[in-house]
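Notes for the one structure printed next.
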Amino acid sequence: MTEHKHFIVRYKTFAIVWALLGGLTALTVAASRVDLGAGNIWVALVIAATKSALVIFFFMNLRQEARLFKVGLLAVLTILAIFIGFTFFDVLYR
Amino acid sequence: MSETTSSYGGFFAESPRPGILGWLLTTDHKRIGILYLGCIMTMFIVGACLGLAMRLQLFQSGTGIMSAQTYNATFTVHGVIMIFLFIIPSVPAAFGNLVLPIMLGARDVSFPRVNLLSWYCYVAGALLAVIAIFSGGGPPDTGWTFYVPFSTQTTTNVNLAVTAAFMLGFSSILTGINFVTTIHRLRCKGMGWGKLPMFVWTLYATAWIQVLATPMLGITLVLVFLERIFGAGLFDAARGGDPVMFQHLFWIYSHPAVYIMILPGMGVISEIIPVFSRKPLFGYWAMAFSSLAIAFAGSLVWAHHMYTSGMSDLAILVFSFMTFIVAIPSAIKVFNWVSTLHKGSIQLAPPMLYALAFIFNFSIGGLGGLVLGAAASDIQLHDTTFVVGHFHYTMFGGLGFAFFGALHYWLPKFFGRMYNHKRALIAWALTFVGFNITYMAMQAVGVMGMPRRYYDYLPQFEPLNMVATFGSWILALGLLIMFVNLWQGIRHGAPVGKNPWAAATLEWTVPSPPPMENFGVEDPVLTRGPYDFKGVVADEP
Amino acid sequence: MSHEHRDDTGARFGMWVFLYTEVILFSGLFILYAVSLAKFPAPYSIASHKLNIYFGTINTLVLLTSSLTMAMAITAIQRGRIKQTLMLCSSTVGLAILFLVNKFFEWSAEIGHGIYPGSEELAAMGPGVTSFFNLYYFTAGLHGFHVIVGATLICVVTLRVAKGKVNSERYVLLENSALYWHLVDLVWIFLFPLYYLIL
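Rendered as C-alpha cells:
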C-alpha cells in the first residue's frame with residue numbers, strides 16, 4: 006500500500022452524487038410500476054448496484070483509497086456471488 | 113508485580129500496570145496470547161473429558177452410564193466446546209497472537225485494543241456456554257450443528273448456546289480483521305511477501321476466511337434464536353420456509369470453518385519441518401499459493417455435508433466435483449513437506465515428532481474426505497461413525513497434533529524454559545498410538561454401518577467399539593503425561609537462550625521470554641529468509 | 006519507552022474489512038429472500054403491495070441525505086471547519102432519528118393490522134406472504150439495529166470533535182464512523198426495492 010495524501014473532496018461533488026442518487030431512486034420507483042415480467046427484479050438490482058457504486062466510490066472515498074481496498078471489495082462480492090449462485094444450483098433444480 | 117509470573121522475566125515482568133490488572137487490561141499481544149492459551153487449554157480438557165465419557169458410554173452394547181438425553185447433550189457440548197472453544201481459536205488466537213507480530217518484526221498487532229476485546233468476547237462465549245449447560249431447559253441436545261426443526265423446538269437451552277457461539281464467532285472475526293491488517297501494514301523493513309514465514313501466509317489465508325465466512329454463522333444463529341422467540345416459521349415449509357436452507361446457511365460457514373481450523377496448523381508444520389530437517393521449505397510459493405487456494409476453494413464445497421438432505425442432483429454433482437478440487441492444494445502441501453524431509457538432516461526433537469504424526473494423520477483424514485466427498489459412497493457413509501473418524505483424523509490428528517507440536521516448539525520461547533525431552537517422547541508415542549487405535553476402529557465400525565450420535569448400538573459393533581474405548585484410554589494417558597511434562601517444563605525446566613532450535617525466523621532472535629517491546633528501541637531490519645539456516649546455531653545447552 | 010503507533014490507512018482498512026463482515030451478515034437474509042421469491046413470485050407481489058411505498062421512499066431519501074451529510078462532514082473537518090463538522094454530524098443523527106420515527110409509525114400500522122412474525126393473521130395469508138413478512142421484519146429489524154449503533158457511534162465521535170480530540174490533523178475516527186454509516190445506507194439501498202417495489 007502506498008501512502009499518499011488524499012485530496013479534499015468538494016461539497017459540490019458530493020451534492021452532484023446525492024442528486025444522482027435521488028434521480029436513481031425516482032427511476033427505480035418508476036420502473037417498478039411498469040410490468041417487465043422477470044425483468045423487474047434485474048432492473049431493480051442494476052439500479053441498486055449503481056447507487057451502491059456511487060456511495061462506495063464517492064461517499065466512502067474508495068476512489069482515492071489504495072488498490073488493496075478495491076481488491077478486498079472484489080473479494081467480498083465474488084464470495085457473495087458464489088454463495089448465492091451455488092445455493093441456486095440446489096434451489097432452482099429440485 | 114506478582115512473584116510467580118515475574119520470575120519468567122521479559123514481558124511477564126514488564127507491564128504498564130501491576131498485578132492482575134496488568135493482565136486483564138493488557139494490550140500486549142504476548143500477554144493476550146498467554147490469556148488465550150490458558151483458556152483454550154482449559155476448554156480442551158473439559159471437551160476431552162466429555163469425549164472420554166462418550167467412549168465410556170459406547171464401551172459395550174446394551175449397557176451404558178447415561179440416558180439417551182444425557183448422551184445427546186454430551187456429544188452436543190463436546191462438539192461446541194471442541195470446535196468453538198478449542199480448535200478454531202487454538203493456533204491463531206494463542207500462537208498467532210504470541211508469534212505473528214514478532215515474526216513480522218513488528219511491535220504489536222494493528223489494533224491492540226480490539227485484540228483484547230476479542231479475548232473478552234471469547235471469555236463471554238465460554239461463560240455463556242458453560243452456563244447453558246446448567247440453566248434453562250438444560251444443556252443443548254441438538255448436536256453442534258443445531259439443525260432445524262429440532263433446534264427451534266427443543267426445550268433445552270439452545271438460546272444461550274447459540275448466543276455463546278455468536279460471541280465466539282465475533283471473537284474470531286475480530287482476530288481475523290486484526291491479522292489481515294497487521295500482515296499488510298506492519299511488516300518490518302526487508303520483510304517482503306516472499307520473505308514471510310509460511311506460518312504468516314497460513315494465518316493470512318485463515319484470517320480472510322474468518323472475515324468472510326464467520327458472519328454467515330452469525331446470521332444463522334441469530335435466526336435460530338429469533339425463530340425460538342417469535343415462532344415465525346422461517347424454516348417451516350408450511351409457512352413458506354425451507355429447512356434445507358438452514359443447512360445451506362450453516363454449512364456456508366461451517367465448511368470454511370474447517371479450513372480456519374487446519375490452515376494455521378499446516379503453517380505450524382511448515383515452520384517445524386524445515387528447522388528439524390535443516391533444509392529450506394520445499395516449494396515456498398507453491399506453499400503460499402496453496403494456502404490461498406485452500407481458503408478460496410474451501411468456500412465452494414459446503415453442500416457436500418448435504419448430499420442426503422433432499423437437495424437437487426445438480427447441486428450434488430457440483431459440490432462433489434468442487435470437493436475433489438479442494439483436495440489438490442492440500443495434497444501439494446503434503447508432497448512439499450515430504451520433499452523438505454527428503455535428504456534433510458532429520459532431528460527427532462519433540463516438535464518434529466508431532467509434525468511427522470500430523471502428516472500421517474492428516475493424510476489418512478484427507479483420504480477419508482475424498483471417500484466422503486464422492487456422493488455415491490457418501491450416501492452409504494453419511495451420519496455413520498466413519499464421518500466421526502474422518503473429522504477426528506483431520507481436526508484432532510491434524511490440527512490437534514499441530515497444536516501440540518506448536519506447544520513443544522514455542523513454549524520454550526515464551527516461558528524461557530525447556531521441558532523433558534524423554535518424557536515428551538513417551539507422551540507422544542502413547543498419544544499417537546492411542547489416537548490411531550481409537551479413530552481407525554471408529555472408521556471401521558462406521559463402514560460396517562454404525563450410526564453416529566447414537567447412545568447405544570447393535571451387538572455386532574461391540575468389538576470395535578471396545579477397541580476404540582481402550583484406545584481412548586491410551587490416548588488420554590499420553591495427553592496427561594504431555595501436559596504434566598509441559599507444565600513442569602515451563603515451571604522448573606532448564607532455562608533456554610534465544611534460539612534452542614537453531615531456527616531462522618525473527619522470534620528466535622529475541623530473548624526467551626521476549627521483552628514487552630519485542631525488539632527494543634530500534635525496529636528490526638530483515639536480512640535473512642525464514643528458512644535460511646546458513647550460520648544459524650542453537651544456543652549452547 | 007513507547008512508540009505512538011499511528012496508522013490511519015491501516016485503521017481505515019480495518020474498518021473496511023469489518024464492513025465486509027457486515028455485508029456477509031446481511032447477505033444470509035438476502036439469500037433466504039432470493040430463494041423464497043423464486044418459489045413464491047405471486048404471493049411476494051401481493052405482500053409487497055401491503056407495504057407502504059411512501060414510507061419506504063421517504064426513508065430511502067432520508068438515508069441518502071444522511072450519507073451526504075456524513076461525507077460532507079469529512080470534508081469539513083479536513084478544512085478545519087469544526088462548527089460545520091458538528092452541524093453535519095448532528096444533521097446525520099437527526100436524519101437517523103427521523104428514519105427510526107418513520108419506521109415506528111410504519112410498523113405500528115402494520116402490526117395493528119396483525120402483520121408481524123408469528124401472528125395468526127399472517128399465517129392465514131398463506132406461506133408466501135408469511136415468508137415475505139418474516140424476512141422483511143427480520144431484515145429491516147436488523148437494519149434498524151444497525152441504524153441505532155451507527156447513530157450512537159456518530160454521537161460519540163461528535164462529542165470528541167467538540168472537545169477537539171478529533172480534529173483536522175487527526176480524524177480517522179470520524180472517517181470510520183462515516184464508513185459504518187454508509188454501510189447502513191447501502192443495506193437499505195437494496196432492501197427498499199426488493200421489499201417495497203415488487204410489482
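Protein chains in written order, with my numbering: chain A, 6 to 99; chain B, 113 to 653; chain C, 6 to 204.
A virtual CB, placed ideally from N, CA and C, is assigned to each residue, including glycine.
Taking just the CA atoms, how far does residue j sit from residue i?
{"i": "alanine 409 (chain B)", "j": "alanine 439 (chain B)", "result": "9 angstroms"}
{"i": "proline 122 (chain C)", "j": "leucine 324 (chain B)", "result": "29 angstroms"}
{"i": "glycine 176 (chain B)", "j": "leucine 168 (chain B)", "result": "7 angstroms"}
{"i": "isoleucine 602 (chain B)", "j": "tryptophan 620 (chain B)", "result": "17 angstroms"}
{"i": "histidine 604 (chain B)", "j": "tyrosine 643 (chain B)", "result": "31 angstroms"}
{"i": "alanine 344 (chain B)", "j": "asparagine 139 (chain C)", "result": "6 angstroms"}
{"i": "isoleucine 36 (chain C)", "j": "isoleucine 428 (chain B)", "result": "19 angstroms"}
{"i": "glycine 145 (chain B)", "j": "leucine 519 (chain B)", "result": "12 angstroms"}
{"i": "valine 211 (chain B)", "j": "proline 309 (chain B)", "result": "11 angstroms"}
{"i": "leucine 537 (chain B)", "j": "glycine 609 (chain B)", "result": "22 angstroms"}
{"i": "tyrosine 466 (chain B)", "j": "tyrosine 183 (chain B)", "result": "32 angstroms"}
{"i": "phenylalanine 436 (chain B)", "j": "valine 413 (chain B)", "result": "9 angstroms"}
{"i": "phenylalanine 171 (chain B)", "j": "valine 446 (chain B)", "result": "35 angstroms"}
{"i": "glutamate 115 (chain B)", "j": "alanine 218 (chain B)", "result": "Its pLDDT being 41, under 50, glutamate 115 (chain B) is placed unreliably by the model, and nothing is read from it."}
{"i": "phenylalanine 362 (chain B)", "j": "alanine 276 (chain B)", "result": "16 angstroms"}
{"i": "proline 386 (chain B)", "j": "phenylalanine 311 (chain B)", "result": "12 angstroms"}
{"i": "asparagine 418 (chain B)", "j": "alanine 20 (chain A)", "result": "A quick correction: the sequence has methionine, not asparagine, at residue 418 (chain B). Taking the straight line from one Cα to the other gives about 50 angstroms."}
{"i": "leucine 164 (chain B)", "j": "methionine 153 (chain B)", "result": "16 angstroms"}
{"i": "arginine 143 (chain B)", "j": "valine 158 (chain B)", "result": "23 angstroms"}
{"i": "leucine 103 (chain C)", "j": "glycine 509 (chain B)", "result": "56 angstroms"}
According to the neighbour-count rule (16 or more other Cβ atoms, all chains shown, within 10 Å of its Cβ), is residue i buried or exposed?
{"i": "tyrosine 98 (chain A)", "result": "exposed"}
{"i": "serine 182 (chain C)", "result": "buried"}
{"i": "threonine 26 (chain C)", "result": "buried"}
{"i": "glutamine 265 (chain B)", "result": "exposed"}
{"i": "lysine 170 (chain C)", "result": "exposed"}
{"i": "glutamine 69 (chain A)", "result": "exposed"}
{"i": "alanine 53 (chain A)", "result": "buried"}
{"i": "threonine 639 (chain B)", "result": "exposed"}
{"i": "threonine 83 (chain A)", "result": "exposed"}
{"i": "glutamine 359 (chain B)", "result": "buried"}
{"i": "leucine 127 (chain C)", "result": "buried"}
{"i": "aspartate 95 (chain A)", "result": "buried"}
{"i": "arginine 15 (chain A)", "result": "exposed"}
{"i": "proline 130 (chain B)", "result": "exposed"}
{"i": "glutamine 181 (chain B)", "result": "exposed"}
{"i": "glutamate 634 (chain B)", "result": "exposed"}
{"i": "arginine 84 (chain C)", "result": "exposed"}
Opposite residue i in the DSSP bridges: which residues?
{"i": "methionine 530 (chain B)", "result": "B:Ala606"}
{"i": "threonine 496 (chain B)", "result": "B:Pro563"}
{"i": "lysine 301 (chain B)", "result": "B:Val637"}
{"i": "arginine 175 (chain C)", "result": "C:Asn172"}
Where do the N-terminal and C-terminal ends of the alpha helix (DSSP H) with residue i fall, by residue?
{"i": "tyrosine 256 (chain B)", "result": "In the sequence as displayed, the identity of residue 256 (chain B) is tryptophan instead of tyrosine. From DSSP, tryptophan 256 (chain B) is part of no alpha helix (DSSP H); its letter is neither H nor E."}
{"i": "valine 649 (chain B)", "result": "Where valine 649 (chain B) is concerned, there is no enclosing alpha helix (DSSP H), given that its DSSP letter is neither H nor E."}
{"i": "glycine 163 (chain B)", "result": "141 to 169"}
{"i": "tyrosine 49 (chain C)", "result": "46 to 55"}
{"i": "glutamine 83 (chain C)", "result": "58 to 83"}
{"i": "alanine 322 (chain B)", "result": "The sequence shown places glutamine at residue 322 (chain B), rather than the alanine named in the question. Per DSSP, glutamine 322 (chain B) belongs to the alpha helix (DSSP H) from 310 to 342."}
{"i": "aspartate 95 (chain A)", "result": "72 to 96"}
{"i": "valine 60 (chain A)", "result": "Run containing valine 60 (chain A): none; DSSP gives neither H nor E here."}
{"i": "proline 462 (chain B)", "result": "462 to 485"}
{"i": "tryptophan 23 (chain A)", "result": "16 to 36"}
{"i": "tryptophan 135 (chain B)", "result": "133 to 136"}
Closer than 8 angstroms by beta-carbon distance: list the chain F residues that pair up with residue i, in chain order.
{"i": "isoleucine 21 (chain A)", "result": "Among the chains of the structure shown, chain F does not appear; the protein chains present are A, B and C."}
If you scan the region 383 to 456 of chain B from start to end, which runs of the alpha helix (DSSP H) of 4 or more residues do you find wholly inside it? 396 to 409, 425 to 453
What ranges does the alpha helix (DSSP H) occupy inside the region 178 to 258 of chain B, keeping only unbroken runs of at least 4 residues that lie completely in it? 180 to 192, 209 to 216, 224 to 246
Run through the region 106 to 143 of chain C for me and flag every whole alpha helix (DSSP H) of 4 or more residues, listed as ranges in chain order. 125 to 129
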